[in-house]
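The block underneath contains the structure these notes are about, expressed in structure tokens.
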Amino acid sequence: MYFTSETSANGVVERTFTRGDVPGVLWSPESGSAGAPLLLLGHSGGMHKKAPGLVASALRSVTEHGFSVAAVDAPGHGDRPRTAEDQRWIDAIHRARAAGDPIAPVVVDYNVAVAERAVPEWRATLDALLALPEIGADAPVGYGGVSLGVVTGMTLAAVEPRIAAVSFGWVFVDDALIEAARKVTVPVEYRIPWDDEQFDRTSDVALFDAFGSTDKTLHAHSGRYDQVPECERDASARFFAHHLGRRAAD
5 MYFTSETSAN GVVERTFTRG DVPGVLWSPE SGSAGAPLLL LGHSGGMHKK
55 APGLVASALR SVTEHGFSVA AVDAPGHGDR PRTAEDQRWI DAIHRARAAG
105 DPIAPVVVDY NVAVAERAVP EWRATLDALL ALPEIGADAP VGYGGVSLGV
155 VTGMTLAAVE PRIAAVSFGW VFVDDALIEA ARKVTVPVEY RIPWDDEQFD
205 RTSDVALFDA FGSTDKTLHA HSGRYDQVPE CERDASARFF AHHLGRRAAD
């Protein structure tokens, strides 16, 4: 892992880094974070590691709870070049939108294709982050994500024993994703945008029901997926503070 820049403001240190060819960013308290939990955040499809909503959540977890928070660009997103395969998926989504067809079937397949590449990258990045003395190998780890970040996080949580809790937002759901949810057994928080016509409430509730965890919470908020109220960001930060803070105390 190589750090490429560092800035500091309002009690938060922001450092950009690369791990192999994967660019990322790490936020941490100016006062230090040794032994504090580490939160990984996955952005949505078409976005990047410093998407506004992701940054807002990261800063809240740092300033209010003392976490370290990391995000990386998913394959074909942000500062990473698109492959020919990525471009074919993007073109298919644009064609569906232009024709007035549902984009969900295309996005579902694209999310799976990207997640398959992203999970090994996240595991290697996690290795590097936990090797930093300011974080430490014993730091409890959580993962939060929306859309593409949900698919990546579900796949990661199923194979990565260091993930202790997950908080997920909206995502297009199919039968394969519901089956994948059964493998997620750590504490789960799941949020549904109740009034967004792109997302089917019934499928979202079925996904929540399928999570294999015995410790799971369902949140629903009015409005569209991009109208997440601040109280929901607060709830997510408290969720991680409770579960990861308890793990740190143990």
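Last residue of the sequence shown? That's 254 in our numbering, and every number before it is there in order.
We put the beta carbon where it would ideally sit given N, CA and C, even for glycine.
Collapsed DSSP secondary structure at residue i in the structure displayed
{"i": "PHE203", "result": "coil"}
{"i": "VAL150", "result": "coil"}
{"i": "PRO56", "result": "helix"}
{"i": "HIS81", "result": "coil"}
{"i": "THR8", "result": "strand"}
{"i": "SER72", "result": "strand"}
{"i": "ALA210", "result": "helix"}
{"i": "GLY157", "result": "helix"}
{"i": "VAL188", "result": "coil"}
{"i": "GLY140", "result": "coil"}
{"i": "SER61", "result": "helix"}
{"i": "ALA40", "result": "coil"}
{"i": "SER32", "result": "strand"}
{"i": "GLY46", "result": "strand"}
{"i": "VAL232", "result": "coil"}
{"i": "LEU248", "result": "helix"}
{"i": "VAL175", "result": "coil"}
{"i": "ARG237", "result": "helix"}
CB contact flag (residue i, residue j, <8 angstroms)
{"i": "VAL110", "j": "ALA88", "result": "no"}
{"i": "ALA143", "j": "PRO41", "result": "yes"}
{"i": "PRO124", "j": "VAL76", "result": "no"}
{"i": "HIS247", "j": "ALA161", "result": "no"}
{"i": "PHE21", "j": "THR11", "result": "no"}
{"i": "GLY146", "j": "PHE244", "result": "yes"}
{"i": "SER242", "j": "ALA132", "result": "Before going further, note that residue 242 is Arg rather than Ser in the sequence given. It is not a contact, given that the beta carbons lie outside the stated cut-off."}
{"i": "SER151", "j": "THR189", "result": "no"}
{"i": "SER226", "j": "VAL177", "result": "no"}
{"i": "ALA122", "j": "THR156", "result": "yes"}
{"i": "LEU58", "j": "LEU45", "result": "yes"}
Burial state of residue i, where buried means 16 or more other Cβ atoms lie within 10 Å
{"i": "GLU120", "result": "exposed"}
{"i": "VAL118", "result": "buried"}
{"i": "ARG92", "result": "exposed"}
{"i": "ARG86", "result": "exposed"}
{"i": "GLU68", "result": "exposed"}
{"i": "ASN115", "result": "buried"}
{"i": "VAL163", "result": "exposed"}
{"i": "HIS98", "result": "exposed"}
{"i": "VAL17", "result": "buried"}
{"i": "ASP254", "result": "Its pLDDT being 48, under 50, ASP254 is placed unreliably by the model, and the measurement read from it follows with that caveat. Per the 10 Å Cβ criterion, exposed."}
{"i": "GLY39", "result": "exposed"}
{"i": "ARG48", "result": "Looking at the sequence itself, residue 48 is Ser, so the reference to Arg does not match. Buried is the call here."}
N- and C-terminal bounds of the alpha helix (DSSP H) containing residue i
{"i": "ALA255", "result": "Summary: the structure shown does not reach residue 255, with the chain confined to residues 5 through 254, and so no result is reported for it."}
{"i": "GLU89", "result": "88-103"}
C-alpha distance - residue i paired with residue j, whole-angstrom precision
{"i": "PRO79", "j": "ARG186", "result": "25 angstroms"}
{"i": "TRP126", "j": "VAL209", "result": "27 angstroms"}
{"i": "LEU158", "j": "ILE196", "result": "First, the residue type needs correcting, since residue 158 is Met and not Leu in the sequence shown. Cα to Cα, the separation comes out at about 16 angstroms."}
{"i": "ALA252", "j": "GLU138", "result": "At ALA252, the pLDDT of 46 sits below 50, so the modelled position is not reliable; the number obtained from the coordinates is stated separately. If I take the Cα positions, the gap works out to 15 angstroms."}
{"i": "VAL192", "j": "SER240", "result": "10 angstroms"}
{"i": "VAL268", "j": "GLY153", "result": "A query on residue 268 cannot be resolved here, the shown segment of the chain reaching from 5 to 254 and no further."}
{"i": "ASP213", "j": "ALA180", "result": "14 angstroms"}
{"i": "TRP31", "j": "GLY104", "result": "40 angstroms"}
{"i": "ALA70", "j": "PRO33", "result": "Sequence check: residue 70 is Gly here, not Ala. Approximately 6 angstroms between the Cα atoms of the pair."}
{"i": "GLY173", "j": "ARG84", "result": "24 angstroms"}
{"i": "PRO106", "j": "SER65", "result": "35 angstroms"}
{"i": "ALA128", "j": "SER61", "result": "23 angstroms"}
{"i": "LEU222", "j": "TYR194", "result": "5 angstroms"}
{"i": "TRP198", "j": "ALA224", "result": "6 angstroms"}
{"i": "GLY148", "j": "VAL112", "result": "19 angstroms"}
{"i": "SER171", "j": "LEU211", "result": "13 angstroms"}
{"i": "ARG228", "j": "HIS81", "result": "23 angstroms"}
{"i": "GLY249", "j": "PRO165", "result": "17 angstroms"}
Bounding residues of the beta strand (DSSP E) (the contiguous stretch that carries residue i)
{"i": "PRO195", "result": "A quick correction: the sequence has Arg, not Pro, at residue 195. Per DSSP, ARG195 belongs to the beta strand (DSSP E) from 192-197."}
{"i": "ILE167", "result": "167-172"}
{"i": "HIS225", "result": "220-225"}
{"i": "ALA185", "result": "Counting along the chain, ALA185 falls outside any beta strand (DSSP E), though it belongs to the alpha helix (DSSP H) covering 179-185."}
{"i": "GLU18", "result": "16-23"}
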